[in-house]
Amino acid sequence: MLSWEYPPRVIGGISPHIYFLSKHLAKQGVKVYVVTCDFPGAPAHEVIDDVEVYRIDSYKNPSPDFATWVYLMNMNMQRETAALTRKIADKIDVFHAHDWLVANAGIGLKHVFRKPLLVTMHSTELGRRDGLHTATEKMIHETEAWLTYEAWKVICCSDYMISHVKYAYGLPSDKLVMVPNGVNIHNYDSDDDLKDIRSKFALPEEKIVLFVGRLVYEKGIHVLINAVPKILSKVNAKFIIVGSGYMKEQLLNIVRSMGLEHKVLFEGFMDEPTLLKLQRCADVSVVPSLFEPFGIVALEAMAARSPVVASDTGGLSEIIEHDVTGVKVYPNNPDSLAWGISKVLLDANYAKYISENAYKRVQEKYDWDKIAKQTKSIYEGVLGEYHKSFWAKAT
Amino acid sequence: MRVIIFSWEYPPRVVGQLSGYISALSTQLVQNKVEVNVVTYDDAATGQTKEPSGVKTFKVANPVRNHIGVLTWVLTLNQEIERVVADIYYESNKPVDLIDVHDWHFIPAAVTLKNGLGIPFIFSVESLEDHRSPNANASYNMAIKSIEWMGFYEAERISVKSEWMKDEVNRIYKVPKEKITVISTDPSVWIKEILKLYNSVTETEE
């Protein structure tokens, strides 16, 4: 399992993904070796939840730019993984790479050891940048295309991402497999009293509307801000915005100009224990994204039994079943969003109904044990094909 | 003996003097009953050929066409080098005895192949980054130097073409002089010295 991040190194969503996926694969009897970048204070080798974790020298000299660093880091990752694989030669059946950040290492190891390469595409340069504008973006896009070309199978976390990746790199359909992302429902198991945390953020008569995400255009936070007065005309609520981003100042100005600073709180980054509690006491969790490969925040809210209102786009369209596990609204439409949020806040029975269904859906579909089982069966399928190939015979 | 030579230039692609040198070297080696596989870069004429001299060549192109510098260009090309060496390695019962790497470009591949498949390599120095870009300590130059350093560290032996270069490798990279062999440029003994060097590596391996 190759990944540029693994706890305690956490940069984005890949780190927790690798942590839970490897842990639950190990529970299914798969021997997992994670090779990842080093992190201050974290050991070069340790065993976590039956997973062997190796942290490589991630190239710490100054690099001309981020992309060049990625390729230099891959050189080191390959060198150390090659030595490790040789040491445990007959034990490695499959290399599993996550995103272009470990493309070179994955491709090189595949050929040197003649073992199948699997790839999970968490995102694409084309989607992140909305087009390819610079040489760096084109280079990364091509590296992604090369990685998916070399892969035996490409795993994506939603049907939306499957069609996006298929179009972006011109891949045949039978190469793509959908395995959803997971959420750890036990994060929200606790029985502790939520009164304290609730009273910290809202008055007793106020409902809590929660947004968690980066304050950037694609997350649609401006749509929520524009919907605030429309919602307040129907129901008394407090809007809590968790996360930071380049739009923060602009959004603060809009809220000030509307005279609603006492109703909209910008909390910035929040420590995990507080956030988990806040997610549990939110009367509604809002995901107004304009572009969303998966939508893990919606899943977290569902696991926390908070009713979800999300825009009908990308991965969110698949996670939420309208009127059953949540409310879907038109993307980039404050009126539609205000309608959805007010509906949940004004109808307690409805809110209870969708949040209970949502919790059940998370247990059924987005449970890490299930995801690990699906992933394991992909490994087995690929190995079955591999053993019939000339590569298996030659090695 | 079965040898693979890495060079980023080989005729008809001529960038500097290395191209002609590799051609002469591989031809001479074949005449001395060494099986020679030259793995090199060519943007268009990719694939495998056997030249009239008996030298086998394997040419690869870069799988990524857009780049932001020589470093990213070189680093994506290295996986193609590894792929071709794996083809040579797995598709014959005879072992690959050693890889002779000329300059830094394909050092990353040689290092991976050594660590992964146990193929020893010789780092043959044509020139050093410190001489090509004197006093240049930008992160770009430092990265190339770090690749040269890794090559010196991981190589079984280092070959140079002059006593001066031996001193320079020792001075700049603190490589012990015992690890460095000076190959004479005298045409009457040149190839004999190379064969001796190759044999010294393959014999210690066995």
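These protein sequence lines map, in sequence, to chains W and F.
Quick note on the working numbering: the first sequence kicks off at 1 and runs consecutively.
Quick note on the working numbering: the second sequence kicks off at 1001 and runs consecutively.
Don't be surprised by glycine CBs; every beta carbon is placed ideally from N, CA and C.
As the structure is a computational prediction, the values presented were derived from the model and not from experiment.
Query raised in the report: Under a three-way DSSP split, which group does W/Y417 fall into?
Result: Here chain W comprises residues numbered 1 to 395, so residue 417 of chain W is not present and cannot be evaluated.
**Report entry** Cβ neighbour criterion (16 or more within 10 Å) applied to F/E1206
**Finding:** For F/E1206, the pLDDT reaches just 49, beneath the cut-off of 50, and the residue's location in the model is therefore unreliable, although a value from the coordinates is still provided. Burial call: exposed.
Query raised in the report: Shorter than 8 Å from the beta carbon of W/F39 to some beta carbon of chain F?
Result: no
Query raised in the report: Given that a residue counts as buried once 16 or more other Cβ atoms are within 10 Å of its Cβ, and exposed if not, what is F/Y1041?
Result: F/Y1041 counts as buried, since at least 16 other C-beta atoms from the protein chains shown sit within 10 angstroms of its C-beta.
Requested in this report: Look at the alpha carbon of F/V1003 and the alpha carbon of W/V382, and state the distance between them as a whole number of angstroms.
Outcome: 34 Å
**Report entry** Given 8 Å, three or more beta-carbon pairs between the segment 258-270 of chain W and the segment 306-321 of chain W
**Finding:** no
Query raised in the report: Along the chain, which unbroken stretches of the beta strand (DSSP E) at least 3 residues long are found entirely within the segment 1033-1079 of chain F?
Result: 1035-1041, 1047-1050, 1056-1060
Report task. With 7 Å as the limit, tell me which residues of the segment 100-124 of chain W have their beta carbon closer than that to any beta carbon of chain F; keep them in chain order. Result -> N104, I107, G108, H111, V112, F113, R114
Report task. Note down, in chain order, every chain W residue with its Cβ under 8 Å from the Cβ of F/E1082. Result -> Near F/E1082 (Cβ distances below 8 Å), the residues of chain W are G108, H111, V112.
Query raised in the report: Where does F/D1167 sit, in a helix, a strand or coil, going by DSSP?
Result: helix
Query - Secondary structure, beta strand (DSSP E): runs of 3+ residues fully inside the segment 184-264 of chain W - result: 207-212, 237-242
Query raised in the report: For W/D38, does the three-state DSSP call read helix, strand or coil?
Result: coil
Report task. Measure the Cβ-Cβ separation of F/V1125 and F/V1175 and say whether it is below 8 Å. Result -> no
**Report entry** Cβ shell of W/Q78 (< 8 Å), same chain only, five flanking positions each side left out
**Finding:** N104, A105, G108, L109
Query raised in the report: Can you check whether the CB of W/I155 is closer than 8 Å to the CB of W/V179?
Result: yes
Query raised in the report: So what's W/C156 in DSSP terms, helix, strand or just coil?
Result: strand
Report task. Have a look at W/I231 and F/R1065 and give me their C-alpha separation to the nearest angstrom. Result -> 51 Å
Query - Completely contained beta strand (DSSP E) runs for the segment 269-348 of chain W, where each covers 3 or more residues - result: 284-287, 308-311, 327-329
Query raised in the report: Looking only at its own chain, which residues have a Cβ that is under 7 Å from the Cβ of F/I1022, when we skip the five neighbours before and after it?
Result: I1005, S1007, Y1010, V1038, H1102
Report task. Name, please, each residue of chain W whose Cβ falls closer than 8 Å to the Cβ of F/I1119. Result -> By Cβ distance, chain W contributes nothing, its closest Cβ being about 10 Å from F/I1119, past 8 Å.
Query raised in the report: What first and last residue would you give for the alpha helix (DSSP H) that runs through W/T375?
Result: 368-387
Query raised in the report: Relative to the alpha-carbon of F/L1195, which residue among F/K1056, F/T1049, F/D1100, F/S1162 has its alpha-carbon at the smallest distance?
Result: For the options F/K1056, F/T1049, F/D1100, F/S1162, the alpha carbon positioned closest to that of F/L1195 is the one of F/D1100.
Requested in this report: Give, in chain order, every residue of the segment 1066-1078 of chain F whose Cβ lies closer than 8 Å to some Cβ of chain W.
Outcome: N1066, H1067, I1068, G1069, L1071, T1072, L1075, T1076, N1078
Requested in this report: For F/N1115, decide whether its Cβ has a neighbour in chain W, counting only Cβ atoms nearer than 8 Å.
Outcome: Chain W, which has a Cβ nearer than 8 Å to the Cβ of F/N1115, makes this yes.
Query - Member of W/S244, W/I371, W/L203 whose CA lies at the smallest distance from the CA of W/F211 - result: W/S244
Query raised in the report: With burial defined as no fewer than 16 other Cβ atoms inside 10 Å of the residue's Cβ, what is the status of W/H45: buried or exposed?
Result: exposed
Query raised in the report: Where does W/V179 fall in DSSP's three states?
Result: coil
Query raised in the report: Which residues does DSSP pair with F/F1121 in a beta bridge?
Result: Per DSSP, F/I1099.
Query raised in the report: From this set, W/A338, W/A351, W/L2, W/T136, which residue's C-alpha is nearest W/F66's C-alpha?
Result: W/T136
Requested in this report: Anything in chain W within Cβ reach of F/Y1140, meaning under 9 Å, just list it in chain order.
Outcome: Simply S63, P64, T68.
Requested in this report: For W/A351, count neighbouring C-beta atoms within 10 Å of its own C-beta (all shown protein chains included) and say buried if the count is 16 or more, exposed if not.
Outcome: The C-beta of W/A351 has 16 or more other C-beta atoms within 10 Å across all chains shown, which makes the residue buried.
Query raised in the report: Quick one: what's W/H398 bridged to in DSSP?
Result: This structure cannot speak to residue 398 of chain W, because chain W is shown only from 1 to 395.
Requested in this report: Kindly confirm or deny that the segment 16-28 of chain W and the segment 357-369 of chain W touch, where touching means at least three C-beta pairs closer than 8 Å.
Outcome: With a cut-off of 8 Å, the segment 357-369 of chain W and the segment 16-28 of chain W count as touching, because enough Cβ pairs lie within range.
Query raised in the report: For the 8 Å Cβ check, are there 3 or more pairs between the segment 356-366 of chain W and the segment 1059-1074 of chain F?
Result: no
Query raised in the report: To which residues does DSSP link W/H96 through a beta bridge?
Result: W/L118
**Report entry** Cross-chain neighbours of W/A135 in chain F, by beta carbon under 8 Å
**Finding:** N1066, H1067, I1068
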